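Some notes on the structure that comes next.
In the UniProt record's numbering, the protein residues as written are 1 to 325.
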């Protein structure tokens, strides 16, 4: 009796550095993986390799839109990104074509929260400015009032966005003796951290640390503009682990230069990569790191496996683990 060979699903993988664990999982479950080899990914290579595939594993931040869907063809059954944010994806087009789209939002919260706390402390306690003083032989050993920073103890810690990342940050700050946690989101959220919902104006007015942990949407784009920074406390430490586009960057530069706010810690900015001569990098009171929020092997592997399982579920007619809509 002849055995029946299970037909392979074809899955395009848009980046060659996707963790092997995810590729192995797809292959073990009957998928042929077609891996793009260019770094950074070349759209021409993707367009050339994507026709006829059953699914796409999207592992970079180029536009994910109708051009890609057209090139793939009508047999396409699933797409999953290996990211939390989806500001580069045309979700409306996916909905119109009824193509399942997945992402990995819950996975990133722990590594991003760790990094956000690091930015709060490094910006609030002037790590960058202190290093520059050493480099310029300006270490003030006889000064009492020098590079005075902002402690979490006794501070109001505010959040724009209080989902998985925001609450993971609040969890890590339990026991740090903050005066209180406040947050602003579209809807109020029950939480075990005693965080209080406030208006956006109150968030600006009260926060000693203000952490941006929300996605980039039409409503949040450049929400932190010149007027927002003027409304903030002069001792406020502004931290952004959301998306660079949530901030009017020239307005932030001005606020840091003029002392409207005390300091900033940024993992995200506009553009990315940031040019080496960008004004942000000239400011002693701004800690800038190159979008490192998810850059741990543990989180990256977990993200890749979630994306792979999103695809496998959709190919088997099941709901994705983390659908985008």
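Built from N, CA and C at the ideal position, the CB exists for glycine as well.
Note that the coordinates shown come from a computational prediction; the quantities given were computed from them, not determined experimentally.
Looking at the DSSP output, residue 80 sits in a beta bridge with 57 and 102. Scanning its chain for C-beta atoms nearer than 8 Å, with the 5 sequence neighbours on each side dropped, one finds around residue 95 the residues 325, in chain order. Membership of residue 128 in the alpha helix (DSSP H) is indicated by the continuous run 127-135. Non-local beta-carbon contacts of residue 29 in its own chain, meaning distances under 6 Å to residues more than five positions away in sequence, involve 312 in chain order. Nearest Cα to residue 202 within the set 171, 156, 235 and 177: 156. If you compare the alpha carbons of 318, 310, 46 and 225 with that of residue 81, the shortest gap goes to 310. Distance check between residue 298 and each of 109, 147, 284 and 141 places 109 closest, using alpha-carbon atoms only. A direct Cα-Cα distance of roughly 12 Å separates residue 260 from residue 204. Exclusion of the five residues before and after residue 129 leaves 147, 284 and 285 as the residues of its chain whose Cβ lies within less than 7 Å of its Cβ. Beta-bridge annotation (DSSP): residue 32 is paired with 10. As DSSP reads the structure, residue 266 sits in a beta bridge with 240 and 288. Under DSSP, residue 323 forms a beta bridge with 102. If you look at residue 165, you'll find it in the alpha helix (DSSP H) that goes 164-172. Here the C-alpha atom of residue 247 lies approximately 13 Å from the C-alpha atom of residue 210. In the DSSP assignment, residue 253 falls within the unbroken alpha helix (DSSP H) covering 249-258.
The beta carbons of residue 71 and residue 50 sit closer together than 8 Å. Take residue 303, set aside five residues on each side of it, and the residues of its chain with a beta-carbon closer than 6 Å to its own are 82, 104 and 107, in chain order.
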